[in-house]
Amino acid sequence: MQGHVFNGHYLTWFDMAHTELIRAAFGPYQRLVDELGVEFVVAEANVRYRAPARFDDELDIAVTLDAPGETSLTSHFAVRRGEDLLTEGRLRHVCVDARTFAKTPWPEPLRAAFGAHVAS
827 MQGHVFNGHY LTWFDMAHTE LIRAAFGPYQ RLVDELGVEF VVAEANVRYR
877 APARFDDELD IAVTLDAPGE TSLTSHFAVR RGEDLLTEGR LRHVCVDART
927 FAKTPWPEPL RAAFGAHVAS
């Protein structure tokens with residue numbers, strides 16, 4: 827067993843934190859598909875490692891959003907152990923039609939739901 831968290835896990839944690847933000851802002855992810863006909867796909871991912879997380883650490887992951895573009899949305903992540911910043915990251919998602927996966931503008935109800943989570 828390694829003494830630190832495998833680097834690839836951070837992207838999984840970012841995705842989980844992003845999904846929880848969507849749930850808090852709009853409801854279950856499946857609503858995006860069923861009611862709005864859209865999904866998110868990751869177009870770009872970035873992770874900056876500052877210090878290792880270790881087995882059994884209790885971590886907090888904060889998520890903020892940039893104002894959404896026409897079809898893209900950038901999420902920023904900060905992973906902390908107490909006050910210590912361990913990792914920062916960024917995901918850029920693109921809104922796509924749930925059937926065709928063609929890029930499509932963010933539906934207004936979803937754009938409005940993002941508003942409370944946009945970094946000022």
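In this text, residue positions in the sequence shown follow the numbering used here: the first is 827, and each later residue adds one.
Heads up, the beta-carbon is just placed ideally off N, CA and C, and yes, glycines get one too.
All figures in this text were calculated on a predicted structure; none of them were measured in a lab.
Check this for me: beta carbons of residue i and residue j, under 8 Å apart or not?
i: His943; j: Ala851; result: yes
i: Val889; j: Ala928; result: no
i: Tyr836; j: Thr845; result: no
i: Leu858; j: Leu936; result: yes
Am I right that residue i and residue j are in contact with their C-beta atoms under 8 Å? What's the rounded C-beta distance?
i: Arg874; j: Thr900; result: That belief does not hold up - the Cβ atoms of Arg874 and Thr900 are roughly 15 Å apart, past 8 Å.
i: Asp877; j: Leu912; result: Per the sequence shown, residue 877 should be read as Ala rather than Asp. Yes, they are in contact, since the Cβ atoms of Ala877 and Leu912 sit about 5 Å apart, within 8 Å.
i: Arg907; j: Leu885; result: 6 Å
If distances are taken between C-alpha atoms only, which option among the options comes closest to residue i?
i: Val920; options: Asp860, Glu909, Val831, Val864; result: Val864
i: Phe940; options: Arg906, Asp923, Trp839, Arg849; result: Arg849
i: Asp841; options: His902, Ser946, Leu912; result: His902
i: Gly834; options: Gly853, Glu861, Ala879, Tyr855; result: Ala879
i: Arg925; options: Ala871, Asp860, Leu847; result: Asp860
i: Thr930; options: Val905, Gly895, Ser946; result: Gly895
i: Glu934; options: Leu862, Asp882, Ile887, Gly853; result: Leu862
At a Cβ threshold of 8 Å, is residue i touching chain D?
i: Phe940; result: You won't find chain D in this structure, because it holds only one protein chain.
Going by DSSP, which residues form a beta bridge with residue i?
i: Ser898; result: Val920
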